[in-house]
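J.:
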Amino acid sequence: MHVFIVTLLLPSVFSQLITHDYCVLGAGPGGLQIAKFLDEAGRDYIVFERSQGPGSFFQHFPRHRKLISINKRFTGSKNKEFNFRHDWNSLLSQDESLRFSQFSQDFFPYADDMVRYLQNYSTALNVLYGRDIKKVRMKSSPDAWNGHYFLLEDQTVQEYMCK
Ligand SMILES: Cc1cc2nc3c(=O)[nH]c(=O)nc-3n(C[C@H](O)[C@H](O)[C@H](O)COP(=O)(O)OP(=O)(O)OC[C@H]3O[C@@H](n4cnc5c(N)ncnc54)[C@H](O)[C@@H]3O)c2cc1C
Numbered sequence: 000m001h002v003f004i005v006t007l008l009l010p011s012v013f014s015q016l017i018t019h020d021y022c023v024l025g026a027g028p029g030g031l032q033i034a035k036f037l038d039e040a041g042r043d044y045i046v047f048e049r050s051q052g053p054g055s056f057f058q059h060f061p062r063h064r065k066l067i068s069i070n071k072r073f074t075g076s077k078n079k080e081f082n083f084r085h086d087w088n089s090l091l092s093q094d095e096s097l098r099f100s101q102f103s104q105d106f107f108p109y110a111d112d113m114v115r116y117l118q119n120y121s122t123a124l125n126v127l128y129g130r131d132i133k134k135v136r137m138k139s140s141p142d143a144w145n146g147h148y149f150l151l152e153d154q155t156v157q158e159y160m161c162k
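For the sequence shown, numbering that gives the first Met the number 0 assigns the number 0 to the initial residue and increments by one for each residue that follows.
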């Protein structure tokens with residue numbers, strides 16, 4: 000009986016609170032884009048992703064594996080700004096090697112190329128994979144700039160404090 004109770008209590012007693020200024024949920028295109036901006040701004044951030052890699056949506060969908068966001072490699076213009084505005088697949092980055100057109104030559108690209116692109120995009124970003132955030136709650140604190148922190152809890156009952 001005692002062993003049973005101790006086993007139940009152990010995860011919550013010994014889980015350490017990991018703290019970051021910014022917490023981002025999900026390493027899809029949206030989460031990776033905001034992570035990129037936070038990274039470039041030198042902020043203390045972390046991305047939590049329940050899958051083992053980025054872009055988990057595109058690992059499974061669309062089922063037919065062809066994207067409808069066409070890959071406009073040739074716009075008829077040499078203007079980089081113009082061409083980037085017509086690029087439907089790339090995330091924002093100053094790094095021109097992180098243009099989707101470097102990852103696929105197909106007009107209707109394969110979803111797997113998007114996954115590969117997002118893997119490359121996320122390489123230098125702070126992403127924790129295999130972390131399924133199960134609970135998000137607010138914790139009041141006079142030390143917080145707006146009066147509260149967010150507490151995130153993953154599937155192992157590990158807690159993360161987000162300022
Ligand atoms: C059928 C279909 C076809 C599409 N085809 C295209 C296309 O061809 N081209 C195109 O550009 N767009 C396409 N889209 C749209 C595209 O899928 C979305 O715009 C894009 O995925 C949104 O990105 P996101 O980062 O907001 O969300 P998502 O890509 O959904 O990413 C969210 C991430 O968060 C993770 N997550 C969620 N909850 C938790 C949690 N509690 N803890 C940890 N991690 C969590 C998920 O695992 C996931 O990786 C299509 C959409 C659909 C439905």
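Cβ atoms here follow ideal geometry from the backbone N, Cα and C, with glycine treated the same way.
Since the structure is predicted, the reported quantities are computational estimates derived from the model, not experimental observations.
Taking Ser89 as the reference, give the member of Gln157, Asp142, Gln15 and Gln32 with the closest Cα.
T.: The residue labelled residue 89 in the question sits at position 90 within the sequence shown. Measuring from the Cα of Ser89, the nearest candidate turns out to be Gln32.
J.: Quick one: is Asn70 buried, meaning 16 or more other Cβ sit within 10 Å of its Cβ, or exposed?
T.: In the sequence shown, residue 70 corresponds to position 71, counting from 1. Buried, because 16 or more other Cβ atoms sit within 10 Å of the Cβ of Asn70.
J.: What is the rounded straight-line gap between the Cα of Leu66 and the Cα of Pro108?
T.: For this step, residue 66 is matched to residue 67 along the sequence shown. For this step, residue 108 is matched to residue 109 along the sequence shown. For Leu66 and Pro108, the distance between alpha carbons rounds to 5 Å.
J.: With distances taken from CA atoms, which of Glu39, Gly27, Asp43 and Ser76 is nearest Arg49?
T.: Along the sequence shown, one-based indexing puts residue 49 at 50. The candidate whose alpha carbon is nearest that of Arg49 is Gly27.
J.: Comparing C-alpha positions only, which one of Leu24, Asn78 and Gly29 sits nearest to Leu117?
T.: Position 118 of the sequence shown, counted from the first residue, corresponds to residue 117. Among Leu24, Asn78 and Gly29, the Cα nearest to that of Leu117 is on Gly29.
J.: Among Arg72, Leu150, Gly52 and Cys22, which has the Cα closest to the Cα of Phe99?
T.: Sequence index remark: in the sequence shown, residue 99 carries index 100 (1-based). If we check each option's Cα against that of Phe99, Arg72 comes out closest.
J.: Looking only at its chain, what residues have a beta carbon closer than 8 Å to the beta carbon of Tyr44, apart from the 5 residues adjacent to it on each side?
T.: Here the question's residue 44 lines up with position 45 in the sequence shown. Excluding positions up to five away in sequence, the list reads His19, Asp20, Tyr21, Cys22, Val23, Ala34, Leu37, Asp38 and Asn125.
J.: Return the first residue and the last residue of the beta strand (DSSP E) that Arg130 is part of.
T.: Counted from its first residue, the sequence shown places residue 130 at position 131. First-last for Arg130: undefined, no H or E at that position.
J.: In the DSSP assignment, find the alpha helix (DSSP H) that holds Glu80 and state where it starts and stops.
T.: Here the question's residue 80 lines up with position 81 in the sequence shown. That run of the alpha helix (DSSP H) goes Lys79 to Arg84.
J.: Given Phe57, which residues of its chain have a CB within under 6 Å of its CB, disregarding the five upstream and five downstream residues?
T.: Mapped onto the sequence shown, residue 57 falls at position 58. Closer than 6 Å at the Cβ level, and outside the excluded window around Phe57, lie Ala110, Met113 and Val114.
J.: Measure the C-alpha to C-alpha separation of Ser92 and Arg84 and round it to an integer number of angstroms.
T.: By one-based count along the sequence shown, residue 92 stands at place 93. By one-based count along the sequence shown, residue 84 stands at place 85. C-alpha separation (whole angstroms): 13 Å.
J.: According to DSSP, is Phe13 helix, strand or coil?
T.: On the sequence shown, position 14 is the one that residue 13 refers to. The predicted position of Phe13 is uncertain, since its pLDDT is 48 and thus under 50; a value taken from the coordinates is nonetheless stated next. Correct three-state label for Phe13: helix.
J.: Indicate the three-state DSSP secondary structure (helix, strand or coil) for Lys162 in the structure shown.
T.: Against the sequence shown, residue 162 aligns to sequence position 163. Looking at Lys162 - three-state DSSP - the assignment turns out to be coil, as it is neither helix nor strand.
J.: For ligand 3, any of its heavy atoms closer than 7 Å to the Cβ of Asp131?
T.: In terms of ligand content, the structure shown lacks ligand 3 and carries ligand 1 instead.
J.: Taking the alpha carbon of Met137 as the reference point, which residue from Val46, Gly146 and His59 has its own alpha carbon closest?
T.: In the sequence shown, the residue the question calls residue 137 occupies position 138. If we check each option's Cα against that of Met137, Gly146 comes out closest.
J.: What's the call for Leu151, buried or exposed, on a 16-neighbour Cβ count within 10 Å?
T.: Here residue 151 corresponds to residue number 152 of the sequence shown, with the count starting at 1. Buried: at least 16 other Cβ atoms inside 10 Å.
J.: Beta strand (DSSP E) containing Asp153: first to last residue?
T.: Stepping through the sequence shown from its first residue, residue 153 is reached at position 154. Unbroken beta strand (DSSP E) run through Asp153: His147 to Asp153.
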